[in-house]
Amino acid sequence: MCIPLCDNAGIAVVLALMLTPGTAPAAAPSAAPASGPAPPLEIQLVVRTVNNFKNRKDVADFFARAKKARVSAVHLNVKQDEDDERPSGQVYYRSRIAPIAAGYERFDVLEAAIAQGRRLGIKVYAWMPQFHDQAAMRSHPEWQMQAAYSGASRTYQGKNNPEFFINPIHPQVQAYQRSLIEEVARNYRVDGISLDWLRFDDINMDTGAYTRELARQEIGIDPLRLDFSAPSPSLAAWQRWRTLKIGAYVRSVRQSVKAIRPGAKLAAFILPPEFAEVGQNLATFSADLDEALPMAYYNDWGRSAQWVNGALMRDVMRRKSPATRVTLTLDGTGTEQENIAILAEVQKSSPQVRAVAWFSAYYWQPAQIERIAAIHRAARKAADVARRQDEAR
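Each residue of the sequence shown is one higher than the one before, starting from 308 at the first, in the working numbering.
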């Protein structure tokens, strides 16, 4: 779910400003009215299946611990995100479309999780990464992302490690990913679908034949003729075009989900503004989301804890639609004091944020879940102390 800051990040941030002309810098989120204790922030957990669930007992034990910690929702990885324990794109449910991950052929994790969630009153979202998909790329090599290098288009294979991106603009790619979402929405009583990897991996892609021809037709630009090393009006137009394509795809997903399962929520994990080069702009698809989950992994990206409630939340609040709920997403790194301070400030300054999702790339140790519950309790107390101090002034 997280990526390193890219070499083109500085250029892309400049372009991001060019893409939103006339937008004034956002003010800090308004403080909550000091009329009583802040409601507790809900706890959501983001769970990688391959690290946590090998059988039904694992699922039952996890949900029991989640219930004890008052977890309100679980984002369950039903389609592999990274290429570590299993290839990205393999799935953990009964699919007639995508390959089922080895060891899960007879164990439908999504079915087991929904059963436990219904029994215990915990919502279950199907977390479905999109355009990072080795399984799809192996089946359809023509879908693999192409990138510009010195005026030539080459297959994109990653920066520091092998990556398996497929072209988000190609209609066959979109149709395939959407078909998996529709399959889950049709066959499972999920409370929501959580999208992820809604992006390219850098500003110099995709440059395959289909994308080049479409860009020439629609914006009069051949991406292989662009200078990706410096901001320009043409580069800004290219960037905006890519973000609009991602936005249109999310809109099509919303239409599909609502047609099949009207009560299901559509959510998306989103990268912070520092990653503008990947072609993801919340403003282009927030209106089609019920919930936006900004990934606030400040340690991963060399930011301070103050960045979360500062630059990140200001950007999210500026770009999101009024009806879109924001659920801050943290990874639990940093000190106890930092995480408590982040949550307390959220309760004080962003009262519209009602939940925090916690991500772990590994096994959810029982002690980790209890630690998060303790952080939430301490943060609520800290927020109430701050509120009383404000009232006394």
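The C-beta atom is built at its ideal place from N, Cα and C for all residues, glycine as well.
Exposure of residue i, with buried meaning 16 or more beta-carbon neighbours within 10 Å
i           : result
residue 640 : exposed
residue 519 : buried
residue 588 : buried
residue 446 : exposed
residue 334 : The predicted model places residue 334 with a pLDDT of 37, which falls under 50 and marks its position as unreliable; any figure quoted below should be read in that light. Exposed, since its Cβ has fewer than 16 Cβ neighbours within 10 Å.
residue 527 : exposed
residue 355 : buried
residue 443 : buried
residue 322 : Interpretation of residue 322 is limited by its pLDDT of 43, a score under 50 that renders its predicted location unreliable; the figure taken from the coordinates is listed afterwards. With 16 or more Cβ atoms within 10 Å of its Cβ, residue 322 is classed as buried.
residue 556 : buried
residue 495 : buried
residue 580 : buried
residue 467 : exposed
residue 554 : buried
residue 391 : exposed
residue 547 : buried
residue 616 : buried
residue 698 : exposed
residue 458 : exposed
residue 525 : exposed
DSSP state of residue i mapped onto helix, strand, coil
i           : result
residue 432 : strand
residue 592 : coil
residue 406 : coil
residue 384 : strand
residue 617 : helix
residue 356 : helix
residue 587 : coil
residue 627 : coil
residue 633 : strand
residue 600 : strand
residue 535 : coil
residue 340 : For residue 340, the predicted model reports a pLDDT of 44, less than 50, meaning its position is unreliable; a value from the coordinates is still stated below. The answer is coil: DSSP assigns residue 340 none of H, G, I, E or B.
residue 453 : strand
residue 401 : coil
residue 390 : coil
Span of the alpha helix (DSSP H) around residue i
i           : result
residue 511 : Here residue 511 belongs to no alpha helix (DSSP H), and DSSP marks it neither H nor E.
residue 370 : 363–375
residue 691 : 673–699
residue 491 : 478–494
residue 528 : Careful: residue 528 lies outside any alpha helix (DSSP H) and carries neither H nor E.
residue 417 : 416–427
residue 611 : Neither: residue 611 is in no alpha helix (DSSP H) and is coded neither H nor E.
C-beta contact flag for residue i and residue j at 7 Å
i           : j           : result
residue 438 : residue 475 : yes
residue 366 : residue 423 : yes
residue 498 : residue 400 : no
residue 602 : residue 576 : yes
residue 482 : residue 429 : no
residue 376 : residue 676 : yes
residue 416 : residue 360 : yes
residue 347 : residue 687 : yes
residue 490 : residue 563 : no
residue 664 : residue 634 : yes
residue 357 : residue 393 : yes
residue 436 : residue 509 : no
residue 350 : residue 683 : yes
residue 395 : residue 440 : yes
residue 612 : residue 651 : no
residue 485 : residue 560 : yes
residue 685 : residue 655 : no
residue 500 : residue 573 : yes
residue 531 : residue 550 : no
residue 512 : residue 454 : yes
Alpha-carbon to alpha-carbon, residue j and residue i
i           : j           : result
residue 672 : residue 636 : 18 Å
residue 598 : residue 605 : 21 Å
residue 759 : residue 471 : The displayed coordinates of the chain run from 308 to 700. Any statement about residue 759 would go beyond what the structure contains.
residue 619 : residue 609 : 13 Å
residue 421 : residue 507 : 31 Å
residue 666 : residue 384 : 11 Å
residue 411 : residue 661 : 34 Å
residue 710 : residue 516 : In this structure the chain extends from 308 to 700, so residue 710 is not present and cannot be described.
residue 594 : residue 464 : 33 Å
residue 627 : residue 590 : 6 Å
residue 625 : residue 631 : 12 Å
residue 480 : residue 473 : 7 Å
residue 533 : residue 521 : 15 Å
residue 368 : residue 529 : 54 Å
residue 585 : residue 487 : 23 Å
residue 659 : residue 653 : 9 Å
Run of the beta strand (DSSP E) containing residue i, from where it starts to where it stops
i           : result
residue 468 : From DSSP, residue 468 is part of no beta strand (DSSP E); its letter is neither H nor E.
residue 461 : 459–462
residue 665 : 662–667
residue 654 : No beta strand (DSSP E) contains residue 654, which is instead part of the alpha helix (DSSP H) from 643–656.
residue 505 : Where residue 505 is concerned, there is no enclosing beta strand (DSSP E), given that its DSSP letter is neither H nor E.
residue 573 : 572–577
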